[in-house]
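J.: Residue numbers (my numbering): 422 to 756. Glycine included, every Cβ here is placed at the ideal spot set by N, Cα and C.
#1: Quick one: give me the first and last residue of the alpha helix (DSSP H) that residue 483 is part of.
#2: Quick one: grab the DSSP three-state call for residue 547.
#3: Assuming residue 631 is part of the alpha helix (DSSP H), what are its boundary residues?
#4: Roughly how many whole angstroms lie between the Cα atoms of residue 576 and residue 681?
#5: Taking residue 506 as the reference, give the member of 719, 461, 697 with the closest Cα.
#6: Tell me whether residue 742 is buried or exposed, calling it buried when 16 or more other Cβ atoms sit within 10 Å of its Cβ.
#7: I'd like the ranges of any alpha helix (DSSP H) spanning at least 4 consecutive residues and lying wholly in the segment 534-611.
#8: Judging by CA-CA distance, which residue of 678, 642, 701, 539 is the nearest neighbour of residue 671?
#9: What does the alpha-carbon distance come out to for the pair residue 608 and residue 598?
#10: Could you tell me the boundaries of the alpha helix (DSSP H) in which residue 713 lies?
#11: Could you name the residues that DSSP lists as bridge partners for residue 509?
#12: Under 7 Å Cβ to Cβ from residue 438, same chain only, skipping five residues before and after it: list those, please.
#13: Could you check if residue 456 is buried or exposed, using at least 16 other CB atoms within 10 Å of its CB as the buried criterion?
#14: Looking at C-alpha atoms only, which residue of 610, 687, 530, 663 is the closest neighbour of residue 748?
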């Protein structure tokens with residue numbers, strides 16, 4: 422039995438829904454959640470063995486991942502005609518790492534999305550066509566964002582690129598973050614967890630040469646040898662495809678705090694599923710939010726107040742090739 426589904430039998434309707442919801446977006450594809458049954462409730466917990474450290478210094482991406490899972494499970498349940506509700510835990514229980522609980526709800530969750538949307542969700546990390554969402558779709562997304570207590574902000578890719586390259590240089594300049602990236606990349610089908618989790622070559626849209634090159638450059642021995650010789654700058658430029666061409670980068674600003682990050686993860690899932698229904702895909706980036714220099718630049722540009730935070734920064738647009746032609750990101754057994 423998969424650890425994420427402890428207490429759920431294989432023929433349980435909730436077990437199938439949890440497996441579907443596991444397609445939720447999450448940083449580095451670590452799938453940092455576990456789900457177990459307590460009576461009539463499903464308890465969502467943090468799996469510390471699958472929680473990022475250096476790459477998520479504020480814990481923001483982990484909370485966003487939980488929010489994405491919550492929204493995905495509620496959507497899948499509603500699509501199956503199963504009434505579920507969710508209540509977030511107050512504070513954080515250091516011993517149980519409980520995030521919140523799902524329980525049966527007579528009215529169920531009201532949503533315009535379906536389990537098919539969740540199963541078909543993709544992040545696109547390859548090249549892009551020029552263009553982005555039209556004004557009507559952006560307005561629709563802005564209204565949804567404001568309804569949830571957040572605000573949507575934007576910038577053109579020409580302005581975003583130098584910010585992303587600078588943030589990536591900071592990311593690749595930190596040995597701990599590169600070591601964590603190396604831990605969660607699966608750049609060969611021979612990797613023992615290639616079909617379970619992490620970032621594989623298909624997800625990263627890498628050619629065979631690029632796959633071999635990246636695996637070599639972020640390996641601990643080569644990285645230590647070349648770190649002082651400009652390697653972080655090279656990796657930064659190689660990893661800036663999210664701002665290629667002429668397009669749109671969006672940000673989401675909202676109240677600070679872990680519970681608000683959980684809510685933001687739910688909001689982002691709705692926004693991204695909505696974009697994808699229009700043939701638009703996203704490529705989220707965390708480094709611009711974590712690098713102190715670029716975070717300050719974005720806070721100033723978008724007038725982020727002291728009691729607010731920028732919780733997401735992502736390219737949205739039309740991929741240069743069909744994302745559905747690629748295998749979906751792997752998930753652990755049972756999901």
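T.: Reading from the atomic positions:
#1: 481-500
#2: Residue 547 falls in the coil class under three-state DSSP.
#3: From DSSP, the alpha helix (DSSP H) with residue 631 extends over 629-638.
#4: 23 Å
#5: 461
#6: exposed
#7: For the segment 534-611, whole alpha helix (DSSP H) runs of length 4 or above, ordered along the chain, are 536-541, 556-568, 578-594, 596-605.
#8: Checking every option, the nearest Cα to that of residue 671 belongs to 701.
#9: 17 Å
#10: 713-722
#11: For residue 509, the pairing in a beta bridge is given by DSSP as 521.
#12: 494, 497, 498, 501, 503
#13: It counts as buried.
#14: Between residue 748 and the set 610, 687, 530, 663, the nearest pair of CA atoms involves 610.
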